[in-house]
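**Q**
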Amino acid sequence: MKKLFSFLIFSLTISLPVNAFHEGKLSCLYTRWCRNNVERIKNINDVKREFPNYNYDNIADEFNQLINNLKRFRVKVFLADKKYFPEKTIGIYNVKNNNIYLNKKYMHNEVQLIRTSRHEAWHVAQDCKTGIRSGSLGIILNQKYISEAVDYERGAIIASRNKGMAEAALESCYTNDNIHIIRYLED
81 MKKLFSFLIF
91 SLTISLPVNA
101 FHEGKLSCLY
111 TRWCRNNVER
121 IKNINDVKRE
131 FPNYNYDNIA
141 DEFNQLINNL
151 KRFRVKVFLA
161 DKKYFPEKTI
171 GIYNVKNNNI
181 YLNKKYMHNE
191 VQLIRTSRHE
201 AWHVAQDCKT
211 GIRSGSLGII
221 LNQKYISEAV
231 DYERGAIIAS
241 RNKGMAEAAL
251 ESCYTNDNIH
261 IIRYLED
């Protein structure tokens, strides 16, 4: 029994700091206490200033349109230093303060930037359907809105790869009907 108890204590000692470390990184963004090397993005020019040696011309119009649609929901988008993200985390939508954080480590790549922006914008649309600022996500899939957040990532992954899908979902939320997303899904 002593060995089992000692093993449990040892296991908790090893695993707790790792989990706390990742949670600490995210909580810093969630509470907006992270200010060092976190910049707000108002359009593609802000990204270009951060990465002057890269070309974003192919995605500029779509990116700016996404940012403008997000502004309608009072959602702000930020570029944040990689130190604030758990390893391999590319972007985060925080349902508590309705901000999107993009990991600077990956945003020099225009494909990664637009896919991550679409993905996180889809989460905003999901949040909108459950009442933005409610702190919970619904799911938009299969041409209807489902309130249970059973698999909210699936729709975001699909939207990340389909130009216009996140925009259609945001427009449907903004107009409080699903005609825009249904029209998109029928195409």
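For the sequence shown, my numbering begins at 81 and goes up steadily by one. Every residue gets a Cβ at the ideal spot worked out from N, C-alpha and C, and that includes glycine. As the structure is a computational prediction, the values presented were derived from the model and not from experiment.
So, helix, strand or coil for Arg195, using DSSP?
**A** It is helical.
**Q** Once DSSP output is grouped into helix, strand and coil, what is the label at Tyr136?
**A** Residue state for Tyr136 is assigned as coil, using DSSP reduced to three classes.
**Q** Taking buried to mean at least 16 other C-beta atoms within 10 Å of its own C-beta, is Tyr264 buried or exposed?
**A** buried
**Q** So the beta strand (DSSP E) Arg154 belongs to, where does it begin and stop?
**A** Per DSSP, Arg154 belongs to no beta strand (DSSP E) and is neither H nor E.
**Q** For Gln145, collect the residues of the same chain with a Cβ closer than 8 Å to its Cβ; drop the 5 residues on either side in sequence, then sort them by chain order.
**A** Glu247
**Q** So, with DSSP's three-state summary, where would you put Phe143?
**A** Three-state DSSP puts Phe143 in a helix.
**Q** So the candidates are Asn179, Lys168, Ile172, Val191; which of them puts its Cα closest to the Cα of Lys122?
**A** Asn179
**Q** Taking the alpha carbon of Asn133 as the reference point, which residue from Glu190, His260, Met245, Glu251 has its own alpha carbon closest?
**A** For the residues Glu190, His260, Met245, Glu251, the minimum Cα distance to Asn133 belongs to Glu190.
**Q** The beta strand (DSSP E) that contains Tyr164, what's its start and end?
**A** Note, Tyr164: premise wrong, no beta strand (DSSP E); not H, not E.
**Q** So Arg129 is in the alpha helix (DSSP H); what residue range does that whole segment cover?
**A** 124-130
**Q** What residue range is occupied by the uninterrupted beta strand (DSSP E) comprising Tyr173?
**A** 171-174
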